[in-house]
Amino acid sequence: MRPAAERLYRVVKAKYEQNRNAREKLIKTDAREIIYDTSGNHDNLLGRCRCKACRDKEYKNLYGKALMCVRSEFQEQDGKT
Ligand SMILES: [Zn+2]
Numbered sequence: 001m002r003p004a005a006e007r008l009y010r011v012v013k014a015k016y017e018q019n020r021n022a023r024e025k026l027i028k029t030d031a032r033e034i035i036y037d038t039s040g041n042h043d044n045l046l047g048r049c050r051c052k053a054c055r056d057k058e059y060k061n062l063y064g065k066a067l068m069c070v071r072s073e074f075q076e077q078d079g080k081t
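Here is the structure:
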């Protein structure tokens with residue numbers, strides 16, 4: 001993982017560890033792809049903006065990817081207990 005992605009991952013993980021409800025909801029998305037919707041903010045680095053101008057642009061979805069990493073870690077933790 002690149003440093004920026006690593007930092008983001010840690011922030012997301014800390015946030016979800018503190019919120020049991022959010023953690024459960026995240027786990028229940030199973031293996032579905034998470035695309036962080038930034039429509040209106042035109043942020044195609046953290047997520048994906050679906051406005052007309054951005055629709056065909058490349059998007060990185062770093063926040064969505066961080067969420068999916070955290071999710072698989074939580075799912076693994078739960079599977080072991
Ligand atoms: Zn946009």
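Read in order, the letters of the sequence shown are residues 1 to 81 in the numbering used here. We treat Cβ as the ideally placed atom computed from N, Cα and C, and that holds for glycine.
Checklist line | Nearest candidate by alpha-carbon position, reference Ile-35, set Tyr-9, Ala-66 and Arg-23 | finding: Ala-66
Checklist line | Buried versus exposed call for Asn-61 [16 or more other C-beta atoms within 10 Å across all chains shown] | finding: buried
Notebook entry, point to check: So, helix, strand or coil for Arg-20, using DSSP?
Noted result: helix
Next item on the list: Kindly indicate which three-state DSSP category Asp-78 falls into: helix, strand or coil?
Entry: helix
Check: Just how far apart, CA to CA, sit Tyr-16 and Lys-25?
Finding: 10 Å
Check: Is the region 69-76 touching the region 9-23 in the sense that three or more CB pairs, one from each, lie closer than 8 Å?
Finding: yes
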